[in-house]
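Line by line, the protein sequences are chains S, X, Y and G.
When the letters of the first sequence are read in order and numbered with numbering that gives the first Met the number 0, they come out as residues 0 to 111.
When the letters of the second sequence are read in order and numbered with numbering that gives the first Met the number 0, they come out as residues 0 to 111.
When the letters of the third sequence are read in order and numbered with numbering that gives the first Met the number 0, they come out as residues 0 to 111.
When the letters of the fourth sequence are read in order and numbered with numbering that gives the first Met the number 0, they come out as residues 0 to 111.
Read through the structure below, which is laid out as structure tokens, and then see the notes.
Number of protein chains: 4
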Amino acid sequence: MPEQFNSCIEACYACAAACDRCAACCLQEEDLAMMRQCIRLDIQCANICRLSAQFISLDSEFARQLCNLCAELCEKCGNECAKHQAEHCQLCAKACHRCAQECRSMASAAGV
Amino acid sequence: MPEQFNSCIEACYACAAACDRCAACCLQEEDLAMMRQCIRLDIQCANICRLSAQFISLDSEFARQLCNLCAELCEKCGNECAKHQAEHCQLCAKACHRCAQECRSMASAAGV
Amino acid sequence: MPEQFNSCIEACYACAAACDRCAACCLQEEDLAMMRQCIRLDIQCANICRLSAQFISLDSEFARQLCNLCAELCEKCGNECAKHQAEHCQLCAKACHRCAQECRSMASAAGV
Amino acid sequence: MPEQFNSCIEACYACAAACDRCAACCLQEEDLAMMRQCIRLDIQCANICRLSAQFISLDSEFARQLCNLCAELCEKCGNECAKHQAEHCQLCAKACHRCAQECRSMASAAGV
């Protein structure tokens, strides 16, 4: 029942938007060198979040496994973003950590 | 400034979720033959909506053109869905028409 | 070194193309009801293949785990397609099984 | 008939792979500041190429319009990459220009 996972879908897309935004803003930062890892992870995280949301909406039998992997990536990306003071990084860290939590709870839900 | 386009990003992702959901539900309908065109358009619409949202978030100089094309596809998909009584089709039609409108207004906004 | 995985990237994109094509052709089959599961899996498989190829190209530390999941989905999709006589299904089954094999060998390669 | 467009599909995916690779390698360059625009365009180009390939495979009535836009982005990305001496940039420039050409010829083909 994808309806019970609407908050996870919503968190995935919010995280994708925050990661895209963070990558674009990082690329305009003066001290770009420090942002390498952040940009790398933002690109990956945005795309796995979009696929996870799609798999939940499609009621895929692979949604749980994908969401588990998505949660790992979100956590890594969120931890990297959290190190930087820029507002786009702080917002992204928050969106990533929320998405990681939603994905974990989705992946462990009964009766999917 | 992507921030002024948050409602467009949000409409794109809501439309993608509704289209994915509609395609999955159509594939379980008893009268499947009638749903061919609906499923075809749902698949395309979900994916162009996700790319449009990404391009807006990235502040891409191609976001307007992509959103214009997205609006066309959303409109076609929404019109097809509107013909069917199933709840997933009616919800999808609504999400498509809202997204078409947001994408058009995004594409014609000044100073992007 | 993504270069050593060029054949995996190529197999992922070939599989995505075969799945998209198969889904589109299935939607035009006269006996559509029999194709429900095939279409469902084609849609999912095409999209996880594209993300796997992207993660390998990006040299992502999550590429192996994603490729493992991709291999599972490819195998399930290929087995379903193999049941149907239509040429698009037979071609898709072949592309899926080849991609599953490439993804497994990528995931178990040393020194990634 | 998507079969007549196999070379365009193949060029789109080859371009996506080259752009992803170029972005990842740019992010490891010592003189990162000079690569800002290259990375920005690589990210966008890889993703529109994947969607264009998908739309052609799906035999979408929107494939031509999307391929036209894809050609524009490929050209811009290829021109930017061509300015840099790194091998990944030179390879990417070549893949982008080839894809632009294939997309233009696809978009202007009769009887799609």
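Glycine included, every Cβ here is placed at the ideal spot set by N, Cα and C.
### Query
If the cut is a Cβ gap below 8 Å, which residues of chain Y does S:Leu26 touch?
Within the first sequence, residue 26 of chain S is the residue found at index 27, counting from 1. Under the 8 Å cutoff, chain Y gives no residues; its nearest Cβ is about 16 Å from S:Leu26.
### Task
Take S:Leu50 as the anchor and find which of X:Ala70, X:Cys73, X:Asp19 has the nearest alpha-carbon.
Position 51 of the first sequence holds residue 50 of chain S. That would be X:Asp19, whose Cα lies nearest to the Cα of S:Leu50.
### Task
In angstroms with no decimal places, state the Cα-to-Cα distance between Y:Ile42 and Y:Lys75.
Here residue 42 of chain Y refers to the residue found at position 43 of the third sequence. Here residue 75 of chain Y refers to the residue found at position 76 of the third sequence. Taking the straight line joining both Cα atoms gives about 13 Å.
### Touch test, the region 21–36 of chain G against the region 59–73 of chain G, Cβ-Cβ under 8 Å, three pairs minimum
no
### Message
Whether or not the region 23–30 of chain G and the region 80–100 of chain G are in contact is what I'm after, with contact meaning three or more pairs of Cβ atoms, one per stretch, closer than 8 Å; do they touch?
### Response
yes
### Task
Let me know if X:Ser6 comes out buried or exposed under the rule of 16 or more other beta-carbons within 10 Å of its beta-carbon.
In the second sequence, residue 6 of chain X corresponds to position 7, counting from 1. So X:Ser6 ends up on the exposed side.
### Backbone CA spacing between G:Leu65 and G:Cys11 [nearest angstrom]
Locating residue 65 of chain G in the fourth sequence gives position 66, counting from the first residue. Locating residue 11 of chain G in the fourth sequence gives position 12, counting from the first residue. The alpha-carbon atoms of G:Leu65 and G:Cys11 are separated by roughly 12 Å.
### Message
Within a Cβ cutoff of 7 Å, which residues of the same chain sit near X:Phe54, ignoring the five residues on either side of it in sequence?
### Response
As a working mapping, residue 54 of chain X is identified with position 55 in the second sequence. Phe61, Ala62, Leu65.
### Query
So, does the CB of G:Ala32 fall closer than 9 Å to a CB anywhere in chain Y?
Translated into the one-based positions of the fourth sequence, residue 32 of chain G becomes position 33. Not an interface residue.
### Query
What is the C-beta distance between S:Ala182 and S:Ala92, in whole angstroms, given that I count them as a contact (C-beta under 8 Å)?
Only positions 0 to 111 of chain S appear in this structure, which leaves residue 182 of chain S out of reach.
### Task
Would you tell me roughly how many angstroms separate the C-alpha atoms of G:Cys48 and G:Cys73, rounded to the nearest one?
For the purposes of this step, residue 48 of chain G is taken as residue 49 along the fourth sequence, with counting starting at 1. For the purposes of this step, residue 73 of chain G is taken as residue 74 along the fourth sequence, with counting starting at 1. Between G:Cys48 and G:Cys73, the C-alpha separation is close to 8 Å.
### Under the three-state DSSP convention, the category G:Leu26 falls into
Position 27 of the fourth sequence, counted from the start, is the residue given in the question as residue 26 of chain G. G:Leu26 falls in the coil class under three-state DSSP.
### Task
Could you name the residues of chain G that S:Ile38 contacts, counting a contact when the two beta carbons are closer than 8 Å?
For the purposes of this step, residue 38 of chain S is taken as the residue at position 39 of the first sequence. Leu26, Ile38, listed in chain order.
### Task
Return helix, strand or coil for Y:Ala94, following the three-state DSSP convention.
What you label residue 94 of chain Y is simply residue 95 of the third sequence in a count that begins at 1. Correct three-state label for Y:Ala94: helix.
### Task
For the region 52–75 of chain G, enumerate the residues whose C-beta is nearer than 8 Å to any C-beta of chain C, in chain order.
The question asks about chain C, but that chain is absent: this structure's protein chains are S, X, Y and G.
### Query
Using the C-alpha atoms, what's the distance from Y:Leu90 back to S:Asn78?
Locating residue 78 of chain S in the first sequence gives position 79, counting from the first residue. Locating residue 90 of chain Y in the third sequence gives position 91, counting from the first residue. Cα to Cα, the separation comes out at about 43 Å.
### Message
Any beta carbon of chain Y sitting closer than 9 Å to that of S:Asn78?
### Response
The residue you call residue 78 of chain S lines up with position 79 of the first sequence. It does not: the Cβ of S:Asn78 has no partner Cβ on chain Y nearer than 9 Å.
#### Entry: Anticipated Cβ contact below 8 Å, X:Ala15 with S:Ala16, distance rounded
Position 16 of the second sequence, counted from the first residue, corresponds to residue 15 of chain X. Position 17 of the first sequence, counted from the first residue, corresponds to residue 16 of chain S. Contact flag wrong, Cβ pair sits at about 12 Å.
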